[in-house]
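Structure, as structure tokens:
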Amino acid sequence: MPPASTGASISVDARTPVPSPETLAPGATPASAPADSRLTPGGPGYRRMSFALFLAGVATFALLYSTQALLPLISDDYGVAAGEASWTVAVATGGLALFVLPMSALSERFGRRTVMTASLMVAVGVGLLVPFAPSIGTLVALRAVQGAALAGLPASATAYLAEEVRPKALVTAIGLFVAGNSVGGMSGRVITGWVAQEWGWRIAVGVIGLVAVGCAVAFRLLLPAPQHFEAGSLRPRVLARAVRDHLSSPLLRRLYAIGALFMTVFGGVYTVIGYRLTEAPFSLPQGIIGSIFLVYLVGTVSASSAGRLMGRLGRRGALYTAGGTTAAGLLLSLAPSLPLVLLGLVLITAGFFAGHAVASSAVGKTATHGRAQATALYQSSYYIGSSAGSTVGALAFHSGGWAGTVGVGLLAVVGVVAITGLGTLAARTAARREDVPAH
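Under this note's numbering, read the sequence shown as residues 1 to 439, first letter to last.
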């Protein structure tokens, strides 16, 4: 994809970066940063940066999916069906998908750290109001606002990492951020499950709000000031050109579709699993159902190991492996045995987080300018997949039981494999044209 004059930040390898106004002390003047000053594992600031973004990931997923494990209780409280209750998840992820691109534009102008901080604070504030929602309509509206507020995190975080971390360490750094997502998703669901069993779903989501407050404060205190950010333009024409450039890239289009399809599987499975486990032959209590989400720890490991997997198998090989693992988990989850269902969830979770880490890091590497817009388009596709998975998965469960939800997931995995196969074919065709063996 040829570079375009967008006014947005471009590859840190291609030009000497200059600190943005948000990084300068009062009275200081901009100065060129050394080309080798980007963060690297073991170097100064890398651990603080990693832990700060890990906490941001925890807060984001804990808030975004705070109602997912509680849907059966929300259905009972408001007297609504599973499909209607699932909107409390779908509108949050949908709001994030809708606003992630505008938020990424703000981060190009005002700075990654500024936008991430503001997004977390607004989302946390709304999260503290959620327990007091008097009706399902009010709850859905609050969740939509919360999702829109969280939109400033994902694209800005990936762009921050692409600018501040050395290229060789980028997959690992993004994997740690994605691992934070998995820990947030896990802890949010486990905490809400046990708290809700004793004190109800409203207290449970209130506790998540307080946990997110602590994460947001620690994030702002720990995250190093960016040294390689360059303020871009907010002109619609400039932003539209950057988006057009990214959408004209076949590789980026494939990565966006892969992210959406992986999240369709994940969103559908984890929206519906609580309903399945409350029914016969399992009939599990809410606390135990919440603890099922401890399998998210597998996602923490698989996401942080994605760099090594890609080093051994290449990007497409890693995506094939992730898709195959996810499909195997879906098929295992059909068994009427709780241990086999849990093993299925382990495989689904491992495959999803590995695939997501590989695809999202590839977007950051592929985009040579307007990284915030490139990653925002990925995140938008990703969360559209989540909304679609939550809604379609719930409808499939209502009409065909768990087998219906699994069927939706398997179709999405087939899509991942097919799109990756197109990439393999395109790479081999290009290699033949250049008379260079494909790897």
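Every residue gets a Cβ at the ideal spot worked out from N, C-alpha and C, and that includes glycine.
These numbers come from a predicted model, not from an experiment.
Cutting at 6 Å between CB atoms, please list the residues of its own chain near residue i, excluding the five before and the five after it.
i	result
T293	It should be pointed out that residue 293 corresponds to Phe in this sequence rather than to Thr. Result list for F293: M186, R189, V190, in chain order.
A388	T264
F266	F352
V100	A151, A155, A376, Q379, S380
S66	G188, V205, I208
L491	This structure gives no information on residue 491, because the portion of the chain shown stretches from 1 to 439.
L128	G209
S104	A155, A372, Q373, A376
Can you tell me where the alpha helix (DSSP H) with residue i in it begins and where it stops?
i	result
Y46	46 to 64
T93	87 to 110
K365	338 to 366
P226	Element bounds for P226: n/a, residue is neither H nor E.
S135	Note, S135: premise wrong, no alpha helix (DSSP H); not H, not E.
A257	250 to 278
G214	201 to 222
G307	306 to 332
G152	No alpha helix (DSSP H) holds G152; DSSP gives it neither H nor E.
R38	Unbroken run through R38: none, as it is neither H nor E.
With distances taken between CB atoms, is the gap from residue i to residue j smaller than 8 Å?
i	j	result
V205	V130	yes
S156	R112	yes
I258	L319	yes
G355	A322	yes
L330	L410	yes
G147	G95	yes
L153	M116	yes
A350	T325	yes
S86	T391	yes
How many Å lie between residue i and residue j at the Cα?
i	j	result
P224	T114	12 Å
P285	A431	56 Å
G421	L252	15 Å
R433	A359	26 Å
F397	A151	29 Å
F177	Q227	19 Å
V414	P44	43 Å
F262	A133	32 Å
A303	L139	32 Å
T6	P336	Because T6 carries a pLDDT of 29, less than 50, the predicted location of this residue cannot be relied on, and the following value inherits that uncertainty. Computed Cα separation, rounded: 55 Å.
V124	V341	34 Å
M121	P281	42 Å
S380	V408	20 Å
G344	Y270	12 Å
W201	R244	43 Å
A362	T40	18 Å
V417	S75	36 Å
P72	G79	10 Å
L394	V213	Per the sequence shown, residue 394 should be read as Ala rather than Leu. So the two alpha carbons sit approximately 31 Å from each other.
T405	A372	33 Å
A179	S107	23 Å
W402	Q197	24 Å
S386	A260	7 Å
Excluding sequence positions up to five away, which residues of its chain have a Cβ less than 8 Å from the Cβ of residue i?
i	result
V207	I191, T192, V195
R254	I419, T420, L422, G423
G175	A303, S304, S305, A306, G307, A357, S361
H246	M1, L252, A367, G370, Q373, A374, L377
Beta-carbon of residue i versus every beta-carbon of chain B: anything under 8 Å?
i	result
A396	Protein chain content of the structure displayed is limited to a single chain, and chain B is not contained in it.
Ordered along the chain, which non-local residues of its own chain (more than five positions away) have a Cβ less than 7 Å from that of residue i?
i	result
I288	none
A216	A59, L120, M121, V124
F490	This structure leaves residue 490 out entirely; the chain is present only between 1 and 439.
Problem set entry | Minimum length 4: unbroken alpha helix (DSSP H) runs contained in the stretch 371 to 439 | 371 to 434
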